[in-house]
Each structure stands twice: as C-alpha cells, then as structure tokens.
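Everything on this sheet refers to the single structure shown next.
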Amino acid sequence: DAKTTQPNSMESNEEEPVHLPCNHSTISGTDYIHWYRQLPSQGPEYVIHGLTSNVNNRMASLAIAEDRKSSTLILHRATLRDAAVYYCILRVYSGNTPLVFGKGTRLSVIA
Amino acid sequence: NAGVTQTPKFRILKIGQSMTLQCAQDMNHNYMYWYRQDPGMGLKLIYYSVGAGITDKGEVPNGYNVSRSTTEDFPLRLELAAPSQTSVYFCASRNPSRGDTFGSGTRLTVV
C-alpha cells in the first residue's frame, strides 16, 4: 500500500470546523482514500472513503485534490466527542487488502 | 445488529500460558482480520482470512495461530504467552462497499 503522511497532532475549538490533511503523493489509480478514527479505549471506526470526487456523509466530508496526491477530512462542527486519532489510509477497492495503519493525527477539541 | 464481538475484554496471563481470543461477526462478511495495537502506536496486522477455511499471515504473526471454520468466527490463539504479547487486540471484518467494522478489543497483559 502507498504511504500517507499526516500531522502528528491538531487542536480545534468546539463547534468550529476542522480540516485534517493527508498527503499521499504515491497514490495509484486503484487506491481509494479511507479515513478511520479511534476514540480513546475503543476500536477504530470507519468515517468515510472516496476515489476521485468529494464525498459527504453524516459524519464528515472528504475533499480530494484534483491530482489525488492529497486529501482533507472535514469535520463541520467539532464536538468534544470528536477527540480521537484520525487515520488516513489508502486501499484498493476489491480483494483482500488489509488496512495499513500509520500513527494518524491526534485531534484535541477544546471546550 | 451486534457487528463484531470480541471476548474477553480483559485478560491477564502468566508467561507460558495459552489462551484463545474470540471474535464473531454477524454481518456475513468473508474478510476478517486480527490486529494488535501497542501503546501510542498504530494497529499492526497479525493474521487475516478471506473466507471459511482460508487464513494467511500478516505483518506480525509469530506467536499466534488462527482458524476459520465458519464465516462468523475467527479465533486467535496464543500458545506460549510472552511479555512482548502484552497489547490490545482488535478483530475486524470488511464490508467492501463501506468500510471495516472493528470489535471493541481485548486488552491482554502477560506477566
């Protein structure tokens, strides 16, 4: 799997938008961009994924650069419950490709 | 829908003891995975399975064994526990169109 680069940590104020960046300059055409998050003392949780177009769901939005070498996870209004480690992972759509976790970005949310 | 269920949640083992970590999913997913997570680190893949009767090694398989006799169950066996196996263990199953579902983890301490 191609490698991703994320900041080690970020901080946000509660009820403000958060933009979590991810660089993946060696992404291949068959790689989907996945985001997972891990709340304290819990297992990872799927957030969102996309290939080329921007994606929205109830949890977040995913903005993908036109050249696909970077992406941004957007939390529209951070809450204290969003404090977690966020992982950006590249993965082909089909077949058996386990998730490869880096260290992710630790997001702190300040009340 | 229970998702992925792991038991036990906590366990303390003495060096040299053995145990089985249980994992069950009720989503009829073919792909299942076992990961371990050491403090402050990302998850590392131990073993995976693409269906009943088929398993394969991941990044860190030494000291572990798995079996997959049914679609639902994917137990992880530790034969001779060592302090280096102190970790949090997560089981996951894959929905190709959405994302992986993780269990809540088993926290294992080997003393």
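Protein chains in written order, with this note's numbering: chain Z, 15 to 125; chain A, 5 to 115.
Idealized CB from N, CA, C, for every residue including glycine.
By the beta-carbon neighbour count (other beta carbons within 10 angstroms, threshold 16), P112(Z) is buried. With the criterion set as a beta carbon lying under 7 angstroms from some beta carbon of chain Z, the members of the stretch 53-71 of chain A are V54 and G62, in sequence order.
For the 7 angstroms CB-CB criterion, N68(Z) and A77(Z) form a contact. Residue environment for V32(Z): buried (at least 16 other C-beta atoms within 10 angstroms of its C-beta).
In this structure, the CA atom of P43(A) is about 14 angstroms from the CA atom of G109(A). Just so you know, the alpha carbons of Q21(A) and Q10(A) end up roughly 20 angstroms apart.
Listed in chain order, the positions of the stretch 51-77 of chain Z with a beta carbon within less than 9 angstroms of a beta carbon of chain A are Q52, S55, Q56, G57, P58, E59, Y60, V61, I62 and H63. Chain Z places a beta carbon closer than 7 angstroms to that of S108(A), counting this residue as a contact. Taking 8 angstroms as the upper bound for CB-CB distance, Y68(A) and L82(A) are in contact here, some 6 angstroms apart. Apart from the 5 residues on each side of it in sequence, L65(Z) sits with its Cβ closer than 6 angstroms to the Cβ of Y46 in its chain, given in chain order. The Cβ-Cβ distance between L94(Z) and V123(Z) falls below 7 angstroms. At a cut-off of 7 angstroms between C-beta atoms, P31(Z) does not count as an interface residue with respect to chain A.
Between N27(Z) and chain A, the shortest Cβ-Cβ separation is not below 7 angstroms. Residue state for R95(Z) is assigned as helix, using DSSP reduced to three classes. Annotation for G103(A): the continuous beta strand (DSSP E) segment containing it runs G103 to F106.
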